[in-house]
Amino acid sequence: PDTQLIDATVLNNDISVVYTGINVKWGATGDVLIDGNTVTGSADGTGVFVSTTTTGTVQVNDNVVTGASLGISVNGDRPPEYSPATIKDNIVSDGNNALNLTDGNYIITHNQLTGSGYKMQETGSVKTVYSGNTIDWTGLKGIRVSGTVFRDQTWSTSNSLGQPYVVTDDLTVNARLTIEAGTIVKM
C-alpha cells in the first residue's frame, strides 16, 4: 500500500515480487532512505519505485534488484534548489531496463547496471551527475529520453556517458534544451 509518513526508511528486506517490490510515494517534508534491500522481480515488475516532492533528502543505496522489468525508478519532481536525490552502490541485473529518472536532480554513483533494455531512462527535466558506475551497454544502447522538458537542460556526451540520447516517445521542450557539439540524438 502507498504510505504518507514524515520520514520513509526501508532497510534490509528480502522481497520477491510480481509487480512492485518497494513503492514509496512521498509528500512535501521528511527524508527518504531505501537501503540494503534485495528485490527479486518479474518481467512485469519494478524493483524499487520512489515518487517524491520532499524538501528532505532522497537516498536509494546498496540495494540489489534482480529480474525486474524496471530495476529502480525515481520520480524526483524536485526544484533545482533542493538537494539532489542520490542513487549509489546498487546492483541492478537480469531484467529489462535498469534505471529510470523522472523530473529532478540526481547523483548516480558506483552502481552496477545490466539488462536487455535501456540501462538509463530520463523522463522530463532531468539533471544528472554520473560517477564510477559500471554499465553493461549490451542490449539497447543509449540514454532513453521522453516527456516534457520544463527546466533548462544540456545534453552532452559527458552527460550521456558517451552514449546517444534516444527519443523513444513524445518529447516536448518548454525550456531551453542545449545540445552540445558531438552529442548524438536518435529518433
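Be aware that the sequence shown starts at 1, since it is given in our numbering, and climbs by one per residue.
All residues carry an ideal CB built from backbone N, CA and C; glycine is no exception.
>> Would you call the segment 32-52 in contact with the segment 16-23, where contact means no fewer than 3 C-beta pairs closer than 8 angstroms?
In response: Pairwise C-beta distances place the segment 32-52 in contact with the segment 16-23, as three or more of them are shorter than 8 angstroms.
> Does the separation of the CB atoms of N133 and T102 fall below 8 angstroms?
Replying inline: Contact flag unset, no.
>> So within the segment 90-134, which uninterrupted beta strand (DSSP E) runs reach at least 3 residues, ignoring any that extend past its ends?
In response: If only uninterrupted beta strand (DSSP E) runs of at least 3 residues are considered, those enclosed by the segment 90-134 are 91-93, 97-109 and 120-131.
>> Here's the rule I'm using: 16 or more other beta-carbon atoms within 10 Å means buried, otherwise exposed. How should T178 be labelled?
In response: Taking every protein chain shown into account, the CB of T178 has fewer than 16 other CB atoms within 10 angstroms, so this residue is exposed.
> Is L140 helix, strand or coil by DSSP?
Replying inline: Three-state result, L140: coil.
>> At the level of alpha carbons, what is the spacing between K127 and G104?
In response: If I take the Cα positions, the gap works out to 6 angstroms.
> If T115 and G95 are in contact, beta carbons under 8 angstroms, what's the gap, nearest whole angstrom?
Replying inline: The sequence given here places Gly at residue 115; Thr does not occur at that position. Contact between G115 and G95 holds: CB atoms are separated by about 5 angstroms, below the 8 angstroms threshold.
> Span of the beta strand (DSSP E) holding I184?
Replying inline: No residue range can be given for I184, since it is assigned to no beta strand (DSSP E) and is classified by DSSP as neither H nor E.
>> Measuring straight from C-alpha to C-alpha, what distance separates D35 and G139?
In response: Approximately 28 angstroms between the Cα atoms of the pair.
>> By the three-class DSSP mapping on this structure, what secondary structure does S83 have?
In response: Here S83 carries a coil assignment [DSSP, helix/strand/coil].
> Taking the alpha carbon of H110 as the point to measure from, which residue in D44, E81, Y130 and V65 has its own alpha carbon closest?
Replying inline: When only C-alpha atoms are compared, the closest one is Y130.
>> Give me, in chain order, the residues of the same chain whose beta-carbon lies closer than 8 angstroms to that of G45; leave out the 5 immediate sequence neighbours on both sides.
In response: Taken in chain order, the residues that qualify are V17, V18, Y19, T20, G21, A68, S69 and L70.
>> Once DSSP output is grouped into helix, strand and coil, what is the label at D2?
In response: Here D2 scores only 48 on pLDDT, less than 50, and its place in the model should not be relied on; the value that follows carries that caveat. DSSP places D2 in coil when its eight states are reduced to three.
>> According to DSSP, simplified to helix, strand and coil, what is R73?
In response: This sequence places Ser at residue 73; Arg is not what is there. Reduced to three states, the DSSP call for S73 is strand.
> If I135 sits next to L113, beta carbons under 8 angstroms apart, how far is it from one beta carbon to the other, in whole angstroms?
Replying inline: That belief holds up - the Cβ atoms of I135 and L113 are roughly 5 angstroms apart, short of 8 angstroms.
> Given a threshold of 16 other Cβ atoms within 10 Å of its Cβ, counted over all protein chains shown, does M120 qualify as buried or as exposed?
Replying inline: M120 should be labelled buried.
> By a C-beta neighbour count over all protein chains shown, 10 Å radius and 16 as the cutoff for buried, is V173 buried or exposed?
Replying inline: Counting every other CB atom within 10 Å of its CB across the protein chains shown gives V173 a total below 16, marking it as exposed.
> Can you check whether the CB of V58 is closer than 8 angstroms to the CB of I72?
Replying inline: Their beta carbons are not under 8 angstroms apart, which means I72 does not touch V58 by this criterion.
> Which residues bound the beta strand (DSSP E) around Y165?
Replying inline: Start and end: Y165 to V173.
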